[in-house]
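Undergrad: Sequential numbering of the sequence shown, starting at 278, is according to our numbering.
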Amino acid sequence: MYKLVFALLIIAIPFSVRCQSGKIQEPVVKPFALIAGGSKGIGFAIAEALARRNYNLVLIARDPDTLLLAKTRLESAYPVEVFTLSYDLSREETATAIAQWCTEKNIRLKMLCNVAGLGGAEDYLNLSLDSLRYMVRLNVESCMAMSLTLLPLLEANAPSYILNVASMAGFAPMPAKNMYSATKSAVIFFSYSLRYQLKEKNISVSCLNPGPVFTKPGIVEETREKLGWLGMKMAVSPRKVGEIAVQETLNGKLIIVPGTAAKLMSTIIRALPRRLVVKIYNNVGK
Ligand SMILES: NC(=O)c1ccc[n+]([C@@H]2O[C@H](COP(=O)([O-])OP(=O)(O)OC[C@H]3O[C@@H](n4cnc5c(N)ncnc54)[C@H](OP(=O)(O)O)[C@@H]3O)[C@@H](O)[C@H]2O)c1
278 MYKLVFALLI
288 IAIPFSVRCQ
298 SGKIQEPVVK
308 PFALIAGGSK
318 GIGFAIAEAL
328 ARRNYNLVLI
338 ARDPDTLLLA
348 KTRLESAYPV
358 EVFTLSYDLS
368 REETATAIAQ
378 WCTEKNIRLK
388 MLCNVAGLGG
398 AEDYLNLSLD
408 SLRYMVRLNV
418 ESCMAMSLTL
428 LPLLEANAPS
438 YILNVASMAG
448 FAPMPAKNMY
458 SATKSAVIFF
468 SYSLRYQLKE
478 KNISVSCLNP
488 GPVFTKPGIV
498 EETREKLGWL
508 GMKMAVSPRK
518 VGEIAVQETL
528 NGKLIIVPGT
538 AAKLMSTIIR
548 ALPRRLVVKI
558 YNNVGK
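1) Indicate whether at least one CB of chain C lies closer than 9 Å to the CB of Val-417.
2) Name the one or two DSSP bridge partners that Val-442 has.
3) Quick one, are the C-beta atoms of Asp-340 and Ser-363 less than 9 Å apart?
4) Should Thr-492 be counted as a contact of ligand 1 given a C-beta to heavy atom distance under 8 Å?
5) Terminal residues of the continuous beta strand (DSSP E) containing Lys-348?
6) Considering just the uninterrupted stretch of the beta strand (DSSP E) at Asn-333, what are its terminal residues?
7) If you run the structure through DSSP and keep just helix, strand and coil, what is Thr-537?
8) Measuring alpha carbon to alpha carbon, tell me which of Leu-541, Leu-311 and Glu-325 ends up nearest Met-445.
9) Can you tell me whether Ile-557 is buried or exposed, with buried defined as 16 or more other CB within 10 angstroms of its CB?
10) Using a Cβ-based criterion (distance less than 8 Å to any ligand heavy atom), does Lys-517 qualify as near ligand 1?
11) Under the three-state reduction of DSSP, which class applies to Gly-299: helix, strand or coil?
12) Starting from Met-511, follow the alpha helix (DSSP H) in both directions and report where the run begins and ends.
13) Starting from Ala-313, follow its DSSP beta bridges and name the residues at the other end.
14) Does DSSP put Pro-308 in a helix, in a strand, or in coil?
15) Is it the case that the Cβ atoms of Asn-416 and Cys-484 are separated by a distance below 9 Å?
16) What are the complete alpha helix (DSSP H) segments, minimum 4 residues, inside the stretch 414–482?
17) Is Leu-285 buried or exposed, if buried means 16 or more other CB atoms sit within 10 Å of its CB?
18) For Glu-477, which of Ala-453, Tyr-355 and Ala-433 has the nearest alpha-carbon?
19) Have a look at Leu-344, Lys-307 and Tyr-332 and flag the residue whose alpha-carbon is nearest the alpha-carbon of Gly-314.
20) Where Ser-298 and Val-306 are concerned, what is the direct C-alpha to C-alpha distance, given to the nearest angstrom?
21) Taking Arg-552 as the reference, give the member of Phe-448, Lys-503 and Leu-389 with the closest Cα.
22) Taking 8 Å as the limit between beta carbons, can you name the residues of its chain near Asp-365, skipping five residues before and five after?
23) Between the stretch 491–501 and the stretch 386–395, are three or more C-beta pairs nearer than 8 Å?
24) Ile-545: buried (16+ other C-beta within 10 angstroms of its C-beta) or exposed?
25) Report, in whole angstroms, the separation of the C-beta atoms of Leu-311 and Cys-379, which I expect to be a contact under 8 Å.
26) Answer with buried or exposed for Lys-387, where buried requires no fewer than 16 other C-beta atoms within 10 angstroms of its C-beta.
27) Can you tell me which residues form a DSSP beta bridge with Val-359?
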């Protein structure tokens, strides 16, 4: 009998120690990041950089097929869960609907990335009023609305992060990209102030301002044609932009400019008087 009890103890003690240590049985609760505009381009690269750091993801975009492709790519490469929601972020009701979905699903939201935005070769005076309104709604209103409606979840999971994607185009007025640079400067100003407003809530706000990122062939052509050698030097790959954006957001940096040449150029642009920069841009942009 004694021998039997002794044998059972020998088996049971290491097992209970392993359970108490918590290393084997404790469920790993991964944080979530939501990427508005996460199915392609810079948004997808940000999603991938977060997946590499073990974040579960919620990706928002309009096209369900591209979303599914992104989900499949991420889930097959990383041990994370990816939810996809097909919404048009320029629509007034979208931000509330997404926040409601996240709350119902009890999403442990640690990072909100407002990435989706519209630019392009055509701008003010060459676009219809409807297209210009769409640009303002997508670039500015969606960023403002998503940050506000998801704030309670970010606060509940603090310390947490908001990453807004603006552009180097937001550092100075650009006549050829008038509304684009105006919307991106609004995102930069919004981020500066929001960072102070959310400091006490332990939510860090960052703003990514890339130079050229070759997410589609049109951007390569436009950069080569309008900015020449310097533009090509400033270009950074989407993957690198995603990695830098996430790393520096987690480090709590406010203004993020990926790439040495782009960083140098943006420092000069921000230091020069606006009247001079707008003149230079006016000549370059023609
Ligand atoms: N690429 C550059 O050179 C560059 C430089 C500086 C700043 N940026 C900024 O970086 C951001 C991303 O640019 P990108 O070149 O990576 O763009 P992209 O390749 O066109 O990807 C845009 C993403 O946003 C989604 N999206 C677009 N419109 C949407 C809408 N109305 N509702 C919901 N989702 C929408 C797209 O999916 P669906 O089309 O399926 O909706 C896609 O997932 C933009 O804000 C842009 O201004 C880009």
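Think of the CB as a built atom: it goes at the ideal place given N, C-alpha and C, for glycine as much as any other residue.
Computed from a prediction, not measured in an experiment: that's the story for all the values here.
TA: Well, looking at it:
1) Given the protein chain composition of this structure (a single chain), no chain C is represented.
2) As a first step, residue 442 is located in the sequence shown; it is residue number 165 there, counting from the start. Partner(s): Leu-485.
3) Along the sequence shown, one-based indexing puts residue 340 at 63. Along the sequence shown, one-based indexing puts residue 363 at 86. Their beta carbons are under 9 Å apart, which means Asp-340 touches Ser-363 by this criterion.
4) Position 215 of the sequence shown, counted from the start, is the residue given in the question as residue 492. For ligand 1, at least one heavy atom lies less than 8 Å from the Cβ of Thr-492.
5) Numbered from 1 along the sequence shown, position 71 holds the residue referred to as residue 348. Per DSSP, Lys-348 lies in no beta strand (DSSP E); the unbroken alpha helix (DSSP H) holding it starts and ends at 341–354.
6) As a position in the sequence shown, residue 333 is number 56, starting the count at 1. That run of the beta strand (DSSP E) goes 333–338.
7) Mapped onto the sequence shown, residue 537 falls at position 260. Correct three-state label for Thr-537: helix.
8) Taking the sequence shown and counting its residues from 1, one reaches residue 445 at position 168. Comparing Cα positions, the closest option is Leu-541.
9) Your numbering for residue 557 matches position 280 in the sequence shown. Burial check for Ile-557: the Cβ neighbour count within 10 Å stays below 16, so the residue is exposed.
10) For the purposes of this step, residue 517 is identified with residue 240 of the sequence shown, where counting begins at 1. Outside the cutoff, so no.
11) Here residue 299 corresponds to residue number 22 of the sequence shown, with the count starting at 1. Only weak support exists for where Gly-299 lies, its pLDDT of 45 falling under 50; the coordinates are left without a value.
12) As a position in the sequence shown, residue 511 is number 234, starting the count at 1. Its alpha helix (DSSP H) spans residues 494–511.
13) On the sequence shown, position 36 is the one that residue 313 refers to. Ile-337 and Asn-391, per the DSSP bridge assignment.
14) Here residue 308 refers to the residue found at position 31 when the sequence shown is read from its first residue. Three-state DSSP puts Pro-308 in coil, outside helix and strand.
15) For the purposes of this step, residue 416 is taken as residue 139 along the sequence shown, with counting starting at 1. For the purposes of this step, residue 484 is taken as residue 207 along the sequence shown, with counting starting at 1. Result no, Cβ atoms of Asn-416 and Cys-484 do not sit closer than 9 Å.
16) Runs found: 419–426, 428–433 and 455–475.
17) The count along the sequence shown starts at 1 and reaches residue 285 at position 8. In this prediction, Leu-285 scores a pLDDT of 44, lower than 50, which makes its location untrustworthy; the coordinate-derived value is nonetheless stated afterwards. Taking all protein chains shown into account, Leu-285 has fewer than 16 neighbouring C-beta atoms within 10 Å of its C-beta and is therefore exposed.
18) The count along the sequence shown starts at 1 and reaches residue 477 at position 200. Out of Ala-453, Tyr-355 and Ala-433, Ala-433 has the C-alpha closest to the C-alpha of Glu-477.
19) Mapped onto the sequence shown, residue 314 falls at position 37. When C-alpha distances from Gly-314 are compared across Leu-344, Lys-307 and Tyr-332, the shortest belongs to Leu-344.
20) In the sequence shown, the residue the question calls residue 298 occupies position 21. In the sequence shown, the residue the question calls residue 306 occupies position 29. With a pLDDT of 42 at Ser-298, under the threshold of 50, the modelled position of that residue is not reliable, and the figure given next carries that caveat. Their backbone Cα atoms lie some 17 Å apart in a straight line.
21) Within the sequence shown, numbered from 1, the residue matching residue 552 stands at position 275. Taking Arg-552 as reference, the option from Phe-448, Lys-503 and Leu-389 with the minimal CA-CA separation is Phe-448.
22) As a working mapping, residue 365 is identified with position 88 in the sequence shown. Arg-339 and Thr-371, listed in sequence order.
23) Not touching, per the Cβ criterion.
24) Taking the sequence shown and counting its residues from 1, one reaches residue 545 at position 268. With fewer than 16 neighbouring CB atoms inside 10 Å of its own CB, Ile-545 falls in the exposed class.
25) By one-based count along the sequence shown, residue 311 stands at place 34. By one-based count along the sequence shown, residue 379 stands at place 102. Yes, they are in contact, since the Cβ atoms of Leu-311 and Cys-379 sit about 7 Å apart, within 8 Å.
26) Residue numbering aside, residue 387 sits at position 110 when the sequence shown is read from its first letter. Lys-387 comes out buried.
27) For the purposes of this step, residue 359 is identified with residue 82 of the sequence shown, where counting begins at 1. Listed as beta-bridge partners of Val-359 by DSSP are Leu-334.
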